[in-house]
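Asker: Below you'll find the structure I mean.
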Amino acid sequence: MKNYNYQEQWIKPAIKIGRISILFIMITSFLPVGYLYLKYGVIPSFNELVNAWVGVATTFGPFYLIELFSYFPIFGTAGSYLAISTGNMVNLKLPASATAQEVLGVENGTPKGEVVSMLGIAGSIITNLAFLTICVILGSQIMRIMPPSIERAFNEFTIPALFGALYGQLSLNNPKIGIIALPMSLIMYKFFNLPQWFMLVVVVFGTPMIIRGLYKKNIVK
928 MKNYNYQEQW IKPAIKIGRI SILFIMITSF LPVGYLYLKY GVIPSFNELV
978 NAWVGVATTF GPFYLIELFS YFPIFGTAGS YLAISTGNMV NLKLPASATA
1028 QEVLGVENGT PKGEVVSMLG IAGSIITNLA FLTICVILGS QIMRIMPPSI
1078 ERAFNEFTIP ALFGALYGQL SLNNPKIGII ALPMSLIMYK FFNLPQWFML
1128 VVVVFGTPMI IRGLYKKNIV K
């Protein structure tokens, strides 16, 4: 990548294509609503729209910024557009991106890391579509023959297991940094009755601040 103009040949095209794609997704998201209105004359009232928006905003609004700041250093620009537009950021895109960068030995936040991250996310999208199609067709039948304990394990422990594996994977690169976020999360969860989104804000923004202080004191490098 010696003679490669990273900003001009990668970042700017990624932003341009990403904006067009996100805008297209936003417009097409309203097509079912438009169809119901044009075909059957069904449309929610203004109060119903406001109540629905407030309910969604209060539940998912904090994650709008938290996920962006949390995952962008790993995803990069192109990877962020891909991950946001296809979903499953935590349980699919994040492990795929981090694993691809680790396997190829590139550092996240670098030009090479961003290219590898984008390729890992793109591969996860293709793989997910293939397996999702199979699961949609056969998943309900398979789950019916599973014991209730296995079904409960899938529902309750899949996301924590992915987070734990990802935390361990990333912490191996720098254990001094890895030991900061987990105790902070455990202390808040165990001793403080705080909303989940608030704990995420504290961990997401608090951990880099602590690391920055330790970096200035040459405790971590």
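In the working numbering, the protein residues as written are 928 to 1148. Yeah, the Cβ is synthetic: ideal placement off N, Cα and C, and Gly gets one too.
1. Whole angstroms is fine: what's the gap from valine 1128's alpha carbon to isoleucine 993's?
2. Taking 8 Å as the threshold (C-beta atoms), are serine 1044 and glycine 1006 in contact?
3. Rounding to the nearest angstrom, what Cα-Cα distance links valine 981 and glycine 1140 in this structure?
4. Can you give me the Cβ contacts of isoleucine 1137 inside the same chain, cut-off strictly under 6 Å, excluding the 5 residues immediately before and after it?
5. Taking the Cβ atom as the reference point for each residue, do glutamine 1028 and asparagine 1035 lie within a distance shorter than 8 Å?
6. Would you mind sorting isoleucine 1086 into buried or exposed? The rule is 16 or more other CB atoms within 10 Å of its CB.
7. What number of angstroms, rounded off, separates the C-alpha of serine 897 from the C-alpha of threonine 1026?
8. Which residue's Cα is closest to the Cα of glycine 1194: Ser1112, Glu935, Ile1072?
9. Using only the alpha-carbon positions, how far apart do lysine 1030 and lysine 1039 sit?
10. Kindly indicate the opening and closing residues of the alpha helix (DSSP H) around serine 1112.
11. Secondary structure at methionine 897, three-state DSSP: helix, strand or coil?
12. Given a cut-off of 8 Å on the beta-carbon distance, is the pair alanine 1023 and glycine 1050 in contact?
13. Quick check on phenylalanine 1002: buried or exposed, where buried means 16 or more other Cβ atoms within 10 Å of its Cβ?
14. Enumerated in chain order, which unbroken segments of the beta strand (DSSP E) with a length of 3 residues or greater are wholly contained in the region 959-1020?
15. Report yes if the CB atom of glutamate 1041 is closer than 8 Å to the CB atom of threonine 1004, and no otherwise.
16. Applying the criterion that 16 or more other CB atoms from any shown protein chain within 10 Å of the CB defines a buried residue, is methionine 1016 buried or exposed?
Answerer: Checking against the coordinates, here is how it stands:
1. 7 Å
2. yes
3. 38 Å
4. Ile1107
5. yes
6. exposed
7. The structure shown does not extend to residue 897, since the chain spans only 928 to 1148, so no value can be given for it.
8. Only positions 928 to 1148 of the chain appear in the structure, and residue 1194 is not among them; the question remains open.
9. Checking the sequence shown, residue 1030 turns out to be valine, not lysine. Cα to Cα, valine 1030 sits roughly 13 Å from lysine 1039.
10. 1102-1118
11. No answer is possible for residue 897: it lies beyond the span of the chain, which begins at 928 and ends at 1148.
12. yes
13. buried
14. none
15. yes
16. buried
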